[in-house]
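Inspection log for the structure reproduced underneath, given as structure tokens.
Number of protein chains: 2
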Amino acid sequence: MPSWLLTQSAMHAQRIIGETFAAANARGYHYRLLATLAEYGPASQASLGRRTGIDRSDVVAAINELADLGYVVRSPDPDDGRRNIITLTATGEVQRERLETLVRAAQDELFAPLSPSERGQLAALLAKVLSHHQGLADR
Amino acid sequence: MPSWLLTQSAMHAQRIIGETFAAANARGYHYRLLATLAEYGPASQASLGRRTGIDRSDVVAAINELADLGYVVRSPDPDDGRRNIITLTATGEVQRERLETLVRAAQDELFAPLSPSERGQLAALLAKVLSHHQGLADR
DNA sequence: GCTGCTCGTTGGTCAGCCCAACGGAATAGA
DNA sequence: TCTATTCCGTTGGGCTGACCAACGAGCAGC
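Chains as they are written, first to last, in my numbering: chain A, 98 to 236; chain B, 98 to 236.
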């Protein structure tokens with residue numbers, strides 16, 4: 098039952114990373130958004146949602162939280178009255194780096210039993226599965 | 098970011114299988130419990146929880162649902178006043194077989210892009226990761 | 001100008017996982 | 001035997017992640 102293995106391992110992954118996030122007072126959505134902002138620069142909430150795969154409505158809540166924490170600034174787009182422009186702040190970038198470090202540590206812990214080449218194999222296999230289905234679902 | 102790959106693939110897996118279950122008016126918990134009952138025979142709720150990794154409190158709810166559907170019978174254990182004995186009914190077994198067929202189909206769809214040997218590799222790698230962490234968490 | 005689309009937002013639903021607490025029952029130890 | 005501990009089922013919460021429907025405001029194409 099390989100899909101059982103998959104979901105089980107993913108559960109471990111999620112729990113390990115989840116605990117890590119909880120310790121940093123954050124959640125997966127936060128990290129995804131911060132990382133995307135760091136990578137692509139300021140963006141509207143809708144495009145953030147598209148890039149991260151997070152639903153628009155959930156982006157609202159997560160951005161609220163991030164803004165309350167001062168990691169992000171929400172400002173109206175002067176060129177488009179519908180849009181907000183979300184900008185990563187300096188403290189937000191610090192937090193992003195902090196979370197990334199934690200994520201890497203959690204990953205090392207998770208994949209500890211695997212040799213580097215095995216990690217590569219695993220990544221390649223998963224990427225193959227993923228790209229196939231993304232190809233089907235387009236976007 | 099391998100753990101991203103992991104959680105993403107797992108998400109696909111969960112969605113595909115979840116939709117399958119939803120179409121059959123069931124959920125993951127139901128299948129896990131039915132499968133465990135079929136494999137090990139009648140058992141108490143606590144041992145079911147231990148075997149499936151489902152929390153005791155969630156076992157209660159799931160067994161309620163399965164009992165309402167007639168897939169399972171809950172009877173007091175004559176030898177131990179604390180325990181209920183959960184028994185798979187004939188219709189329950191039918192449902193279990195139905196769900197297993199669906200799960201296999203979903204798995205084939207999920208792992209379609211992988212060759213049989215690749216599937217084996219993936220399973221082995223995941224099993225390695227899993228056994229390592231289970232070993233740590235004992236139980 | 002009208003239509004259709006996008007965007008942010010609100011307010012829900014659902015699955016899965018987890019925790020705390022309680023009473024009743026069994027078991028182990030003194 | 002009596003007591004303390006453990007186990008079992010159950011209730012009642014909580015959290016995360018994913019998703020959906022609807023609405024008003026704004027934009028773009030025709």
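Cβ coordinates follow ideal geometry from the N, Cα and C atoms, glycine included.
*Comparing alpha-carbon positions, which option in B:L211, B:R180 and B:L102 lies nearest B:P139?*
Taking the first residue of the second sequence as 1, we reach residue 139 of chain B at position 42. When C-alpha distances from B:P139 are compared across B:L211, B:R180 and B:L102, the shortest belongs to B:R180.
*Taking 7 angstroms as the CB-CB cut-off, is B:L227 touching chain A?*
One-based indexing of the second sequence puts residue 227 of chain B at position 130. Interface residue (Cβ-Cβ distance to chain A less than 7 angstroms): B:L227 is classified as such.
*Quick one: residues in its chain with C-beta nearer than 6 angstroms to the C-beta of A:R236, no 5 flanking neighbours on either side, listed in chain order?*
What you label residue 236 of chain A is simply residue 139 of the first sequence in a count that begins at 1. Residue confidence for A:R236 is low, a pLDDT of 34 falling below 50, so the modelled location carries little weight; the figure read from the coordinates is stated next. The beta carbon of A:R236 is closer than 6 angstroms to none in its chain, skipping five residues each way along the sequence.
*Within the same chain, show all residues whose beta-carbon is closer than 7 angstroms to that of A:Y186, passing over the 5 residues directly before and after it, in chain order.*
Start at 1 with the first residue of the first sequence, and residue 186 of chain A comes out as number 89. Before going further, note that residue 186 of chain A is Thr rather than Tyr in the sequence given. Excluding sequence neighbours, A:T186 sits near G167, Y168, V169 and V170.
*Would you check if the region 147 to 167 of chain A and the region 112 to 129 of chain A touch, i.e. whether three or more CB-CB distances between them fall below 8 angstroms?*
Touching, per the Cβ criterion.
*Should the region 214 to 223 of chain A be called in touch with the region 220 to 228 of chain B, which here means at least 3 C-beta pairs below 8 angstroms?*
As far as the Cβ criterion goes, the region 214 to 223 of chain A touches the region 220 to 228 of chain B, which means the pair count is three or higher.
*Beta carbon proximity, A:S154 to chain B, threshold 7 angstroms*: On the first sequence, position 57 is the one that residue 154 of chain A refers to. Chain B contact via Cβ: absent.
*At what residue ranges does the region 147 to 202 of chain B contain a whole run of the alpha helix (DSSP H), taking only runs of 4 or more?*
Listed in chain order, the complete alpha helix (DSSP H) runs (minimum 4 residues) inside the region 147 to 202 of chain B are 153 to 165.
*Hey, quick one: how far does the alpha helix (DSSP H) through A:R124 stretch, first residue to last?*
The residue you call residue 124 of chain A lines up with position 27 of the first sequence. Neither: A:R124 is in no alpha helix (DSSP H) and is coded neither H nor E.
*Taking 7 angstroms as the CB-CB limit, is A:S172 close to chain B?*
By one-based count along the first sequence, residue 172 of chain A stands at place 75. Answer no: the Cβ-Cβ gap between A:S172 and chain B never drops below 7 angstroms.
*Mind listing the chain B neighbours of A:T104? Cutoff is C-beta to C-beta under 9 angstroms, in chain order.*
Numbered from 1 along the first sequence, position 7 holds the residue referred to as residue 104 of chain A. Chain-order list of chain B residues neighbouring A:T104: A107, A110, Q111, I114 and G125, by C-beta distance under 9 angstroms.
*Report the three-state DSSP secondary structure of B:S212 (helix, strand or coil).*
Along the second sequence, one-based indexing puts residue 212 of chain B at 115. The answer is coil: DSSP assigns B:S212 none of H, G, I, E or B.
*asked:* Would A:L219 pass as an interface residue toward chain B - the criterion being a Cβ-Cβ separation below 7 angstroms?
replied: Here residue 219 of chain A refers to the residue found at position 122 when the first sequence is read from its first residue. Against chain B, the CB of A:L219 has a partner CB under 7 angstroms away; the residue lies at that interface.
*When you compare only the Cα positions, how much space is there between B:H230 and A:G189?*
Here residue 230 of chain B is taken as the residue at index 133 of the second sequence, counted from 1. Here residue 189 of chain A is taken as the residue at index 92 of the first sequence, counted from 1. Here the alpha carbon of B:H230 sits roughly 33 angstroms from the alpha carbon of A:G189.
*Any contact of the region 110 to 122 of chain B with the region 99 to 110 of chain A, i.e. 3+ C-beta pairs under 8 angstroms?*
Contact holds: three or more Cβ-Cβ distances are below 8 angstroms.
*Indicate whether at least one CB of chain A lies closer than 7 angstroms to the CB of B:E197.*
Taking the first residue of the second sequence as 1, we reach residue 197 of chain B at position 100. Chain A contact via Cβ: absent.
*Thinking just about the alpha-carbon of each residue, which of A:E116, A:T184 and A:D205 is nearest to the one in B:V226?*
Indexing the second sequence from 1 puts residue 226 of chain B at position 129. Comparing Cα positions, the closest option is A:D205.
*asked:* Would A:D176 and A:I182 be called neighbours here (beta carbons separated by less than 7 angstroms)?
replied: Along the first sequence, one-based indexing puts residue 176 of chain A at 79. Along the first sequence, one-based indexing puts residue 182 of chain A at 85. No, they are not a contact pair.
*What residues in its chain sit with their C-beta under 7 angstroms from that of A:L199, if we drop five residues either side in the sequence?*
The sequence position of residue 199 of chain A within the first sequence is 102, counting from 1. Contacts found: T117 and A121.
*Using a Cβ-Cβ distance under 7 angstroms, would B:L222 count as near chain A?*
As a working mapping, residue 222 of chain B is identified with position 125 in the second sequence. Chain A, which has a Cβ nearer than 7 angstroms to the Cβ of B:L222, makes this yes.
_Counting only Cβ pairs nearer than 7 angstroms, list the residues of chain A close to B:E215._
In the second sequence, residue 215 of chain B corresponds to position 118, counting from 1. Within chain A, the residues L222 have their CB atoms less than 7 angstroms from the CB of B:E215, given in chain order.
*Is it right to say B:V191 is buried, meaning 16 or more other beta carbons lie within 10 angstroms of its own, or is it exposed?*
For the purposes of this step, residue 191 of chain B is identified with residue 94 of the second sequence, where counting begins at 1. So B:V191 counts as exposed.
*Under 7 angstroms between the Cβ atoms of B:A135 and B:R193?*
Within the second sequence, numbered from 1, the residue matching residue 135 of chain B stands at position 38. Within the second sequence, numbered from 1, the residue matching residue 193 of chain B stands at position 96. Their beta carbons are under 7 angstroms apart, which means B:A135 touches B:R193 by this criterion.
_Against chain B, does A:P139 count as a neighbour if the rule is that its beta carbon must be under 7 angstroms from one of theirs?_
Numbered from 1 along the first sequence, position 42 holds the residue referred to as residue 139 of chain A. No, its Cβ sits nowhere closer than 7 angstroms to a Cβ of chain B.
*asked:* Rounding to the nearest angstrom, what Cα-Cα distance links A:A158 and B:P210 in this structure?
replied: The count along the first sequence starts at 1 and reaches residue 158 of chain A at position 61. The count along the second sequence starts at 1 and reaches residue 210 of chain B at position 113. Per the coordinates, the alpha-carbon of A:A158 lies some 36 angstroms from the alpha-carbon of B:P210.
*If we cut at 7 angstroms on Cβ distances, does A:D235 have a partner in chain B?*
In the first sequence, the residue the question calls residue 235 of chain A occupies position 138. The predicted position of A:D235 is uncertain, since its pLDDT is 37 and thus under 50; no value can be drawn from it.
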